[in-house]
Amino acid sequence: MTSLEQLRGYILEEVLARLLYESGYRLLVSETQDPEALRRGAHGLLVRGRGTDHQADVLGELTLPVPFSLPLRVFVEAKYRAAKTGLGDVRNAHGVIHDVNEHHSTASAGTRAIPMRRYHYRYVLFSTSGFTKPAQQFALAQQISLVDLSSPGFAGLLGAADRVALGLYRLAEEAQVSPFPTGQVRTALRLAFDTWTDRESDDIDDVDANDAVSFQRRASRARWANQMNPAQREFQTLPLDRLESLAAELSGRLGENLVFAFPSAPFVLALRPFDLSALDTYVARNGSEVNVNILFVTRRQVTGDWMIVPADGSRFFQLQFSLPALLEDWLLHDERTAARRARGIKTKLLSSISLFRNGRLIRLQYERPPRG
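In this note's numbering, the protein residues as written are 33 to 404.
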């Protein structure tokens, strides 16, 4: 039987997949979307590597082209547990992307086969309890992105995932379903979240296709989970009526309380907006190239978090985030040099931050405020 801790991680991954989808990525859910690089395994989607195939529970592909670069794909993994995520998990992530990045397809040129690498894979690892120092050191060196969800700002997001995970766990016990049908549950959530991107979803008979937010529509989409489940070895499944209800409930709890952003640095930022519609309004009025100021708050004063605000001093929008703990510890190690180090981080690592909203690329450009 899947443990409650594992199930929490699975549910959180699907919530994060929804956020990834809203950040300009499409979720890869079927081998039919790329038969050369993907295949269907016993427990879900697999990505071909040079040495072996690798399970891809959540795999996103950036929909916007990246100039002078291979198309970008991202593995997402979440650890929802009490202990900090350690070096072993980060090493596993590095091994996966190293192997899949060396896989190539071929194209014929006369009688010869030409190797063609088609995608650049990255790995993002989330943890609800942070990461050990060795894990952070290895991740920064190998460009594995770590996102720490232990801040109080993520409590609402985690609480919603936790409640649904507990409901699913109890449902499996009541129905005496074992092993836990992870594939069925993931598929139901993706259908309810509208992140199921395979062409088969076009055949779903929606209760009201124009009503994207109603509980009834989300539940009716989740009802197709058994037919579309990519896992091949799930002989027992959860009762669909209860599953679709829980999937629709979680989908309805997902507000716009988290946005992924991508600085010119080997990590991902999880932005927590005070009011995301305020950012949309500001961009609509001023364009997608936004000059911003980045305010640093020391741990002694508040939480060690940072805040992005308009450079014009209006505070029209506010986006809060945290740096990787290793960088934050380095920054705050000596209070006498913290301000100087903070300026260095802003001008070097956070000088340009990209995010996606409603299919539009937005660049937040740090503008150093004038002295005095």
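Ideal placement from N, C-alpha and C gives every residue a C-beta, glycine not left out.
All values reported here derive from a predicted model rather than from experimental measurement.
Would you call the stretch 69 to 88 in contact with the stretch 124 to 138, where contact means no fewer than 3 C-beta pairs closer than 8 angstroms?
yes
According to the Cβ coordinates, are residue 151 and residue 36 closer than 7 angstroms?
no
How close, in whole Å, do the beta carbons of residue 358 and residue 168 come, if the pair is a contact with beta carbons under 8 angstroms?
4 angstroms
With distances taken from CA atoms, which of 323, 337, 353 and 352 is nearest residue 343?
323
With a threshold of 8 angstroms on Cβ separation, who are the neighbours of residue 102 within its own chain once the five nearest residues in sequence on each side are excluded?
149, 150, 151 and 152
Where the beta strand (DSSP E) containing residue 394 begins and where it ends
392 to 398
Just curious, the alpha helix (DSSP H) that residue 86 is in, first and last residue?
Unbroken run through residue 86 is the beta strand (DSSP E), 85 to 87; no alpha helix (DSSP H).
Count the CB pairs spanning the stretch 202 to 212 and the stretch 296 to 316 that are closer than 8 angstroms, and state whether there are at least three.
no
In its own chain, which residues sit with a C-beta less than 6 angstroms from the C-beta of residue 183, not counting the 5 before and 5 after it?
354
Would you kindly work out how many angstroms separate the C-alpha atoms of residue 224 and residue 265, rounded to a whole number?
23 angstroms
Quick one: using the 10 Å Cβ neighbour count with 16 as the cut-off for buried, is residue 96 buried or exposed?
exposed
Just the Cα atoms here: how many angstroms apart are residue 394 and residue 166?
34 angstroms
Any idea what DSSP makes of residue 352, helix, strand or coil?
strand
If you run the structure through DSSP and keep just helix, strand and coil, what is residue 290?
coil
Proximity of residue 196 and residue 282 at Cβ, strictly below 7 angstroms:
yes
Confirm, please, whether the CB-CB distance from residue 293 to residue 303 is below 7 angstroms.
yes
On the CB-based measure, 16 or more other CB atoms within 10 Å of its CB, does residue 84 come out buried or exposed?
exposed
Sheet register partners of residue 326 (DSSP bridge)
340
N-terminal and C-terminal residue of the alpha helix (DSSP H) that residue 135 is part of
Premise fails: residue 135 is in no alpha helix (DSSP H) and is neither H nor E.
For residue 87, which option in 47, 341 and 71 has the closest C-alpha, if you only look at C-alpha atoms?
71
Quick one: what's residue 107 bridged to in DSSP?
91 and 155
Leaving out the 5 sequence neighbours to the left and right, which residues in its chain are closer than 6 angstroms to residue 268 when beta-carbon positions are compared?
209
So who's on the other strand from residue 295, going by DSSP bridges?
385
Keeping to the same chain, check which residues put their C-beta closer than 6 angstroms to that of residue 279; ignore five residues upstream and five downstream.
220, 221, 224 and 254
Kindly identify the DSSP beta-bridge partner or partners of residue 304.
352
How many whole angstroms separate the CB atoms of residue 327 and residue 341, which I take to be in contact at a CB cut-off of 8 angstroms?
6 angstroms
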